[in-house]
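Below: one structure, written as structure tokens.
Numbering (our numbering), first residue to last: 163 to 482.
See below:
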């Protein structure tokens, strides 16, 4: 049946602090870490730890890290996301807005911006290629929360994942080849995905399967053998076991195996952010070099590359 309603696109990402200050970071972390999708511990146990220990100690430290990557126009995640929205809107010639699961602009703000333009049918595109309950499902929860505050809600379609979309793999491969053309090809390619607690995967989260599929597709696009590419998981938090192999431990072990020069990328991140620009580009580089590595080269996220925008347009076209 033909859809006669005016359509628009809501691009969604995780979010970022409004400022690189302890207060700004604390507000953001409080909202983020209060979400049961992110930390699903019993509230009476978790909340005292969060407010009594984690937020007071972590906020100033994380603020300093944000300051090291902050751009003239703001947080890298927000700046690149805004560029994505602007380029996608120009390409598909329909309204596109941006909403964050946590922080600003909120999901409610993004929805309202579209509805103010007469949009009645929204295509929601969470920019998480690989599905996880900790990220993608949290977007769905956030939409429901936003709709509860509206007297009239739009119809909407939800793009759950695109980890195996051919144009996604091609865009990743294109970014790697472009990096190789400018910087040369290293001995090995490391694909570092954001980790989740192993417990969540054991309970049924399909995230690791999606990460593995993406890595295999990328290797095929680049013509790499299993010996040329390694998939790892980063950003573990707390004491429980997370998905393995861990990125830092892998980087420590590679030089002893004769792999002294590596390229590293973060396919699960659609835009560069603290976890890529500081954790990978800086911390992981230090880990690798200290372990005996000689060359460490970070391949930036797809950000607002034309191939990435083209892929988004293809995804949206399937729902028009």
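Using N, Cα and C, we set each Cβ at its ideal position, and we do this for glycine too. This one's a predicted model, so the numbers in the text were calculated from it and none came from an experiment.
Residue from the options with nearest C-alpha to residue i
| i | options | result |
| --- | --- | --- |
| residue 463 | 291, 218, 206, 253 | 291 |
| residue 393 | 227, 400, 372 | 372 |
| residue 386 | 349, 190, 307, 419 | 349 |
| residue 332 | 271, 178, 378, 459 | 378 |
| residue 190 | 396, 312, 432, 263 | 263 |
| residue 296 | 347, 359, 315, 271 | 359 |
| residue 271 | 309, 194, 424 | 309 |
| residue 338 | 365, 426, 414 | 426 |
| residue 375 | 401, 169, 419, 353 | 353 |
Same chain, Cβ closer than 7 Å to residue i, neighbours up to 5 away in sequence not counted
| i | result |
| --- | --- |
| residue 398 | 357, 404, 408 |
| residue 197 | 300 |
| residue 199 | 295, 296, 299, 300, 303 |
Same chain, Cβ closer than 6 Å to residue i, neighbours up to 5 away in sequence not counted
| i | result |
| --- | --- |
| residue 391 | 351, 381 |
| residue 288 | 174, 298, 301 |
| residue 221 | 184, 187, 188 |
| residue 212 | 195 |
| residue 286 | 172, 318, 320 |
| residue 410 | 449 |
DSSP state of residue i mapped onto helix, strand, coil
| i | result |
| --- | --- |
| residue 469 | helix |
| residue 284 | strand |
| residue 450 | helix |
| residue 436 | helix |
| residue 318 | strand |
| residue 169 | strand |
| residue 272 | helix |
| residue 265 | coil |
| residue 334 | helix |
| residue 163 | Confidence at residue 163 is low in this model, with a pLDDT of 48, below 50, so its placement is unreliable and the value that follows should be read with caution. Coil. |
| residue 260 | strand |
Bridge partners - residue i, DSSP secondary structure assignment
| i | result |
| --- | --- |
| residue 458 | 424 |
| residue 486 | The requested residue 486 is not part of the displayed model; the chain covers only 163 to 482. |
Contact set for residue i: own chain, Cβ-Cβ below 8 Å, skip 5 residues either direction
| i | result |
| --- | --- |
| residue 431 | 356, 437, 438, 463 |
Query - In chain order, each alpha helix (DSSP H) run of at least 4 residues that lies wholly inside the region 337-423 - result: 360-364, 369-384, 409-415
Report task. Scan the region 173-239 and note each continuous alpha helix (DSSP H) run of 4 residues or more that stays entirely inside, going in chain order. Result -> 184-196, 205-211, 217-231
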